[in-house]
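J.:
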Amino acid sequence: MNQQPAIAPSSSRAAAQSHFRTLRPGTPFQPRIDALARTNDWYNWAGYRAPHSLWDEELEYFAIRSQAALFDISPMTKYRVEGPDAEAFLNRVTLRDVTKLRPGRVHYTAWCDDGGFVLDDGTLFRLSPTRFRLCSQERHLPWLLDSAIGLDVAVEEETEAVAGLALQGPTAFAVLRDARFAGVERLRLFDIAEFPHDGDTVIISRTGFTGDLGYELFVPAEHALSLWDRLMLGGELRGIRAIGYTALNRARLEAGLIVANADFTTSGHAVRPNRLRMPDEIGLGFMIDLEKGHFNGRRAIVSARAKKRLRHVLVGLEIEGNIPAEHAMVYYRKSQEVGLVSAAMWSPMAKRNIAIASLARPFGDTIVDDLWVEIYAMRELQYQKLMKRAKVVPRPFIKLDRRTANPPADF
Amino acid sequence: MKSWDAIVIGGGHNGLVNACYLQRAGLDVLVVEKNGWVGGAATSRELTPGFLYSNCSYVCSLFRPEIMRDLELPRFGLQVISYEGGAVFTRDGDYLANYRDHDAHRREFARFSRRDAEAYDRYARDVTRQCRFIQPLLMRTAPDPTSFRPRDLGELLYLGKKFAGLSAEEMALTLRFWTMSISDFLDEYFETDVIKANFALSGIIGTALGPMSPGTAYVLLHHYMGEVDGSVGAWGYARGGMGAVTKALAASFQASGGTIRTGAEVDHVTIRRGKARGVVLAGGEEIHGKLVVSNADVKRTFLKLVEEKELPDIFLRRVRNFRIRGSSGKVNIALDSLPEFPALPKDSPVYRGDMHFTDSMERMERAYDDWKAARWSADPFLDMVIPTTLDPTMAPSGKHFMSCFVQYAPPKVNGGDWTDADRDGFAESVIAQISDYSPGFRDRIVHMEVRTPREIEAEVGLTEGNIFQGELTFDQLLFNRPVPGYAQYRSPVAGLYMCGSSTHPGGGVMGAPGRNAAAEILSDLAKPTKHMSPAHDVI
Numbered sequence: 000m001n002q003q004p005a006i007a008p009s010s011s012r013a014a015a016q017s018h019f020r021t022l023r024p025g026t027p028f029q030p031r032i033d034a035l036a037r038t039n040d041w042y043n044w045a046g047y048r049a050p051h052s053l054w055d056e057e058l059e060y061f062a063i064r065s066q067a068a069l070f071d072i073s074p075m076t077k078y079r080v081e082g083p084d085a086e087a088f089l090n091r092v093t094l095r096d097v098t099k100l101r102p103g104r105v106h107y108t109a110w111c112d113d114g115g116f117v118l119d120d121g122t123l124f125r126l127s128p129t130r131f132r133l134c135s136q137e138r139h140l141p142w143l144l145d146s147a148i149g150l151d152v153a154v155e156e157e158t159e160a161v162a163g164l165a166l167q168g169p170t171a172f173a174v175l176r177d178a179r180f181a182g183v184e185r186l187r188l189f190d191i192a193e194f195p196h197d198g199d200t201v202i203i204s205r206t207g208f209t210g211d212l213g214y215e216l217f218v219p220a221e222h223a224l225s226l227w228d229r230l231m232l233g234g235e236l237r238g239i240r241a242i243g244y245t246a247l248n249r250a251r252l253e254a255g256l257i258v259a260n261a262d263f264t265t266s267g268h269a270v271r272p273n274r275l276r277m278p279d280e281i282g283l284g285f286m287i288d289l290e291k292g293h294f295n296g297r298r299a300i301v302s303a304r305a306k307k308r309l310r311h312v313l314v315g316l317e318i319e320g321n322i323p324a325e326h327a328m329v330y331y332r333k334s335q336e337v338g339l340v341s342a343a344m345w346s347p348m349a350k351r352n353i354a355i356a357s358l359a360r361p362f363g364d365t366i367v368d369d370l371w372v373e374i375y376a377m378r379e380l381q382y383q384k385l386m387k388r389a390k391v392v393p394r395p396f397i398k399l400d401r402r403t404a405n406p407p408a409d410f
Numbered sequence: 000m001k002s003w004d005a006i007v008i009g010g011g012h013n014g015l016v017n018a019c020y021l022q023r024a025g026l027d028v029l030v031v032e033k034n035g036w037v038g039g040a041a042t043s044r045e046l047t048p049g050f051l052y053s054n055c056s057y058v059c060s061l062f063r064p065e066i067m068r069d070l071e072l073p074r075f076g077l078q079v080i081s082y083e084g085g086a087v088f089t090r091d092g093d094y095l096a097n098y099r100d101h102d103a104h105r106r107e108f109a110r111f112s113r114r115d116a117e118a119y120d121r122y123a124r125d126v127t128r129q130c131r132f133i134q135p136l137l138m139r140t141a142p143d144p145t146s147f148r149p150r151d152l153g154e155l156l157y158l159g160k161k162f163a164g165l166s167a168e169e170m171a172l173t174l175r176f177w178t179m180s181i182s183d184f185l186d187e188y189f190e191t192d193v194i195k196a197n198f199a200l201s202g203i204i205g206t207a208l209g210p211m212s213p214g215t216a217y218v219l220l221h222h223y224m225g226e227v228d229g230s231v232g233a234w235g236y237a238r239g240g241m242g243a244v245t246k247a248l249a250a251s252f253q254a255s256g257g258t259i260r261t262g263a264e265v266d267h268v269t270i271r272r273g274k275a276r277g278v279v280l281a282g283g284e285e286i287h288g289k290l291v292v293s294n295a296d297v298k299r300t301f302l303k304l305v306e307e308k309e310l311p312d313i314f315l316r317r318v319r320n321f322r323i324r325g326s327s328g329k330v331n332i333a334l335d336s337l338p339e340f341p342a343l344p345k346d347s348p349v350y351r352g353d354m355h356f357t358d359s360m361e362r363m364e365r366a367y368d369d370w371k372a373a374r375w376s377a378d379p380f381l382d383m384v385i386p387t388t389l390d391p392t393m394a395p396s397g398k399h400f401m402s403c404f405v406q407y408a409p410p411k412v413n414g415g416d417w418t419d420a421d422r423d424g425f426a427e428s429v430i431a432q433i434s435d436y437s438p439g440f441r442d443r444i445v446h447m448e449v450r451t452p453r454e455i456e457a458e459v460g461l462t463e464g465n466i467f468q469g470e471l472t473f474d475q476l477l478f479n480r481p482v483p484g485y486a487q488y489r490s491p492v493a494g495l496y497m498c499g500s501s502t503h504p505g506g507g508v509m510g511a512p513g514r515n516a517a518a519e520i521l522s523d524l525a526k527p528t529k530h531m532s533p534a535h536d537v538i
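Residue numbers (numbering that gives the first Met the number 0), protein chains in the order written: chain A, 0 to 410; chain B, 0 to 538.
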């Protein structure tokens, strides 16, 4: 009557059953990070245990700006895209023109759903004419696979298989050179190259999320620890320090970079329709290439532009005073609510009080005067309410020559 | 002779919710219940010494928190313990679990399909969007679209505005959601059979439809609108069994001065000059009341308790055609030890959640085929829980109570009434299925209660044993529930109201029908409703 379940040993699936015992697994670098984690200050990054800080978030920030900071980016979602149609496929999925991305180069890009709303932003690495790596905050496998229908391309999620590190700061180049990555000095901004490591290969790109001189390194997970040790040894005299996300988040804000689901809500998660954002509404309009033919969301974007239905704009703000305006409301003439600050800080590099905010057009777009932020600063269980003048300023908030200098400086 | 302000027929959770609100508004309310205990389909019964059985409903989520607060149910002993997940066992000796943790959930799905693991977020987003649209409607009386009363127009406008507030894509999805089969709906997100079967069960539960029948997608939505103490979508066990819900309601009702008479079966509603005047009990005793509220389902109320001549033809015809088909049964089991499932690691939280064995859409649909042929499913769909893994009050230490919801069970077997032999055969289909996955299961059984639609109808009073007092398909929802023109808890008989799950928004131990009916009654009596919390905000 009933189907008898097979007594046969279960498939390879069974081996993965035990994940329920470790809800926040570590990354391939975890043994090294755990050894340095004096604050035990963890957060959940895409299902992994990741450090907010390791020993002192202030000093970790200064490690980015005056030394070399090592940050584990393994939890970032990574897709391997390979095949004769890989370029055509990515041209269809993402906003920028992928035919202009040469092998050995990286670009920052974003992609939209059919409504033209941003699904995510991320970096696209062209490792060869037919092989790419797409890195993102969120997970998109069904979307990517659906977009690949009819194209000769394979898309595979490789987040766990590939470990990643960001090495950022003025001495980053010197660290790599001292760690004997021969030829790394030839990497210009957004270049990629492969280097031998531990009988395998590490891919190094001159990229980062800090606005500083820096590199990102990707290595098969099984060689992660030896890569970490190699960098730490190479950087011993260059002030290399491991850091957590709080420090990185400050650096990225100074660099004017946005974070998905912090500065905008991704279309994959927004349950309220008015939270959806088109690229033009979050400062990513520059990526849209209408010359390249069809891409996901193109029609909706063209129509919204033509009908002037872009309702929001993302801007950089400089706010008077020194009190961070985190999640403050933005007002026009101190009375009309026109937007919200999504990230804010006192910038040690710019010596200014900076913020990223989303405003309802025309505010921030054609009306940029007489904008104010209302800061609710909690001090010993009382809100100190401050109404401060805000000025729309271009991003990035800081521009460091060492980021782009060639050859990179030996600090 | 005493005349009560209101007589509530049936001491189920909705009858008690209704009675509580009326009593707290200052009315003198009597609840009459045919059984020797209150609870209806939310009961805990000691059917064998030491074991409490949640012998009808068995898990809690949809009960409205506004009602819990208004009626002070925590003070009267109600506590709901949320559970940790669940699983579908697969025939290859593995299982697919549902975990509360978002990333564990994804990793578990990735064991079967990386693609489907990453599709879950979009699925959850779309279901959440739909819930946000429907949820505020649960605690409102559905508008009558044929009426031009200002209130109905206002409510229609509210509905229209909410609908207009959706994006074009969402509107399309809403209409699809209300009409699609759960199978077609899941196909838009997932490609792995066991993952679809895992989600589909919420679409067929309590419904005489298969996963491939149109209309089942909404049933799934109905089951997503719950929470346990603010944890949205969570399900839990009422400590002490589901009877704890009605026990707390009864205590709240009595504390506010209400009266309950058990063992008092109503024979009929007395109607004079078109108005309800009270009830006559099975023994012939007449009880007078200024108004009568029926917690019984719409068929039982109007086809058994009210004389046909009192009702308009079209109303009667619609009541007769109201779909309240028997589709499920219950097997409640006392166990002398915790069953083992070799597929499941011993420390798995799945033991504390809901377990299922139907691992493909086809198996689920085949189970329904048996129902259509007027047989119980040879390979039934089970929703099985062991509440004693989290609630030590329901069984002696080390022993367990297991509740098995079983689908499909037809109202009649091959055209005839259920016999005791049929009932045994039905039970065997369940025990055989569990034993396939849990060796030695039979030896652990201390006592067993088997309830086919026959037993559920006879004891609880639910027509054909239908757990929702009428199917939750879109033709029987909102202003069409239970029948068009009578969706506002009133009936063709003046002074006779309905408050059971046959009315909007339906079943699932929500309490909302009982509460909404009380609001209408108090409005007719021009009594204040300040003691009734408005629906919680959905922002």
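Ideal Cβ positions, reconstructed from N, Cα and C, are used throughout, including at glycine.
By alpha-carbon positions, which one of B:F62, B:D93, B:L72 and B:F75 ends up nearest to A14 of chain A?
T.: With respect to the C-alpha of A14 of chain A, the residue from B:F62, B:D93, B:L72 and B:F75 having the closest C-alpha is B:D93.
J.: In the DSSP assignment, find the beta strand (DSSP E) that holds Q335 of chain A and state where it starts and stops.
T.: Q335 to S346
J.: Check for me: the alpha helix (DSSP H) holding T127 of chain B runs from which residue to which?
T.: R113 to L137
J.: State buried or exposed for V412 of chain B, treating a residue as buried only when at least 16 other CB atoms are found within 10 Å of its CB.
T.: buried
J.: Against chain B, does L22 of chain A count as a neighbour if the rule is that its beta carbon must be under 7 Å from one of theirs?
T.: yes
J.: Taking the alpha carbon of G49 of chain B as the reference point, which residue from B:V445, B:P452 and B:K529 has its own alpha carbon closest?
T.: Per the Cα distances, B:V445.
J.: Tell me the rounded alpha-carbon separation between L521 of chain B and T528 of chain B.
T.: Each residue's Cα considered, the two are about 7 Å apart.
J.: What's the gap between the Cα of A109 of chain B and the Cα of F217 of chain A?
T.: 23 Å
J.: Determine the closest residue to L256 of chain A out of A:D409, A:G82 and A:V314, with distance taken between C-alpha atoms.
T.: In this structure, A:V314 is the residue among A:D409, A:G82 and A:V314 with its C-alpha nearest to the C-alpha of L256 of chain A.
J.: Helix, strand or coil for Q29 of chain A? Go by DSSP, reduced to three states.
T.: helix
J.: Measure the beta-carbon distance from V492 of chain B to G273 of chain B and round it to whole angstroms, keeping in mind my assumption that it falls under 8 Å.
T.: 7 Å
J.: Could you tell me the distance, in whole angstroms, from the CA atom of R374 of chain B to the CA atom of P409 of chain B?
T.: 6 Å
J.: Could you check what DSSP says for K529 of chain B in three-state terms: helix, strand or coil?
T.: coil
J.: Threshold first: 3 residues or longer. Then list the beta strand (DSSP E) segments lying entirely within the stretch 436–521 of chain B, N to C.
T.: 444–450 and 495–497
J.: Which residues mark the beginning and the end of the alpha helix (DSSP H) in which L156 of chain B is found?
T.: P149 to A163
J.: Is the beta carbon of A165 of chain A sitting closer than 7 Å to the one on A67 of chain A?
T.: no
J.: Would you kindly report the start and end of the unbroken beta strand (DSSP E) that includes R308 of chain A?
T.: No beta strand (DSSP E) holds R308 of chain A; DSSP gives it neither H nor E.
J.: State the DSSP-derived secondary structure class of L219 of chain B, mapped to helix, strand or coil.
T.: helix
J.: On a CA-only basis, which of A:G207, A:L123 and A:E157 is nearest T76 of chain A? Give me that one, please.
T.: A:E157
J.: Where does G363 of chain A sit, in a helix, a strand or coil, going by DSSP?
T.: coil
J.: Cβ of R175 of chain B less than 7 Å from any chain A Cβ?
T.: no
J.: Mapping the DSSP letters down to three states, classify E235 of chain A as helix, strand or coil.
T.: The answer is helix: DSSP assigns E235 of chain A an H, G or I state.
J.: For R124 of chain B, which residues in chain A fall below 7 Å Cβ to Cβ?
T.: G267, H268 and V270
J.: Of the choices B:N97, B:D421 and B:K329, whose alpha-carbon is the least far from that of E448 of chain B?
T.: B:K329
J.: Closest to A206 of chain A by C-alpha separation, out of A:L230, A:A220, A:G198 and A:L186, would be which residue?
T.: The residue asked about is misnamed: residue 206 of chain A is Thr in this sequence, not Ala. That would be A:L186, whose Cα lies nearest to the Cα of T206 of chain A.
J.: With a threshold of 16 other CB atoms inside 10 Å of the CB of V297 of chain B, please say whether the residue is buried or exposed.
T.: buried
J.: Compute the Euclidean distance between the alpha carbons of L174 of chain B and V117 of chain A, then round it to the nearest angstrom.
T.: 25 Å
J.: Assuming L137 of chain B contacts M67 of chain B under a Cβ cut-off of 8 Å, what Cβ separation, rounded to an integer in Å, is found between them?
T.: Not a contact, Cβ separation roughly 14 Å.
J.: Please check if any C-beta of chain B sits within less than 7 Å of the C-beta of E280 of chain A.
T.: No, because no Cβ of chain B sits closer than 7 Å to the Cβ of E280 of chain A.
J.: Just by C-beta distance, which residues in the stretch 18–45 of chain A are closer than 8 Å to chain B?
T.: Those would be H18, F19, R20, L22, R23, N43 and A45, in chain order.
J.: Just to confirm, are R274 of chain A and T265 of chain A a CB contact at a threshold of 7 Å?
T.: no
J.: Can you grab the Cα-Cα spacing for the pair M211 of chain B / M354 of chain B, in whole Å?
T.: 22 Å
J.: Work out the CA separation of P27 of chain A and E226 of chain A for me, nearest whole Å.
T.: Looking at the sequence shown, residue 226 of chain A is not Glu but Leu. A direct Cα-Cα distance of roughly 11 Å separates L226 of chain A from P27 of chain A.
J.: Could you give the distance in angstroms between the alpha-carbon of F147 of chain B and the alpha-carbon of E154 of chain B?
T.: A straight-line Cα-Cα distance of about 11 Å links F147 of chain B and E154 of chain B.
J.: How is the alpha helix (DSSP H) around P141 of chain A delimited, first residue to last?
T.: Segment L140 to S146, the alpha helix (DSSP H) holding P141 of chain A.
J.: Using a threshold of 7 Å, state whether the C-beta atoms of A167 of chain B and T357 of chain B are closer than that.
T.: no
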